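The structure appears right after this line, and notes come after that.
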Amino acid sequence: MRHYFFDADGVLFRYERHAYAGLKPLYIQPNKHYFRDLKPDLKMLNLIQKLTLHKKSSDEIYILTSVPNNELTINEHRSDKKFSFAKWYPSVKPCNIIISVIPKPDAAQHTIGTRLSSHDILIDDYNKNLNDWQSAGGTGIKYCNGINTPATFSGTKINKQTDSVNHMLNVLLSIPN
Ligand SMILES: [Mg+2]
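Numbering of the sequence shown is given in our numbering, commencing with residue 10 and proceeding in unit increments.
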């Protein structure tokens, strides 16, 4: 069985540079509810629909996202992200939504109850997350979203600007289970 873990910011949802810019970025400001209005990535919307249809029944799809461990905003971030996930990705089971302050490999291992292996797949736009995941034994796939740099990750990549959704689906389904 394969476990597909999708990152949220920059993967399932569009990364908006302005929200993360400045000394007091918008996303971290209390009561602004930035994460309640996330805009979905249309290719990923399509990919999740197709993956849900074509995956094996024993495969699982997760959303794995981090929140800053900040007591002013942590509850707001959690509830706003849950809202956006349910709105745009209703096919992902609520119990498969992981919103965590600990490193992604640790959060995933806690959820699946075993150490990561090659059929535990993280789709992320951030090299550090991908490298940590691979060091922990999982398979990292970089989502090149047009903002990050494709060349800096040596593992498997999917590219928003040049790959069709069917190609991305084939990459995900070709990972041995
Ligand atoms: Mg990200």
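Just so it is clear, CB atoms sit at the ideal spot from N, CA and C, and this is done for glycine as well. Please read these numbers as outputs of a predicted model, since none were measured by experiment.
Quiz item: Going along the chain, which unbroken runs of the beta strand (DSSP E) with 3 or more residues stay wholly within the stretch 105-176?
Solution: 106-109, 129-133, 148-153 and 165-168
Exercise. Evaluate the contact criterion for the stretch 129-148 versus the stretch 14-34: three or more CB pairs, one atom per stretch, below 8 Å.
Key: yes
Quiz prompt | Range covered by the alpha helix (DSSP H) that runs through THR61 | solution = 51-63
Exercise. Kindly examine ligand 1 and report whether one of its heavy atoms sits closer than 8 Å to the Cβ of TYR24.
Key: yes
Practice problem: Starting from HIS27, follow the beta strand (DSSP E) in both directions and report where the run begins and ends. | Solution: It is not in any beta strand (DSSP E) - HIS27 carries neither H nor E in the DSSP assignment.
Self-check item: Collapsed DSSP secondary structure at TYR36 in the structure displayed
Solution: helix
Quiz item: How is SER88 classed by DSSP in three states: helix, strand or coil?
Solution: helix
Exercise. Taking 9 Å as the cut-off, decide whether the C-beta atoms of THR219 and SER127 are in contact.
Key: This structure cannot settle anything about residue 219, because the visible part of the chain is limited to 10 through 186.
Quiz item: Is there at least one non-hydrogen atom of ligand 1 closer than 8 Å to the beta-carbon of ASN138?
Solution: yes
Exercise. State the CB to CB distance for the pair LEU181 and ALA117, rounded to an integer number of angstroms; the pair is presumed to be in contact (CB under 8 Å).
Key: Their Cβ separation, rounded to whole angstroms, is 16 Å, which puts LEU181 and ALA117 out of contact at 8 Å.
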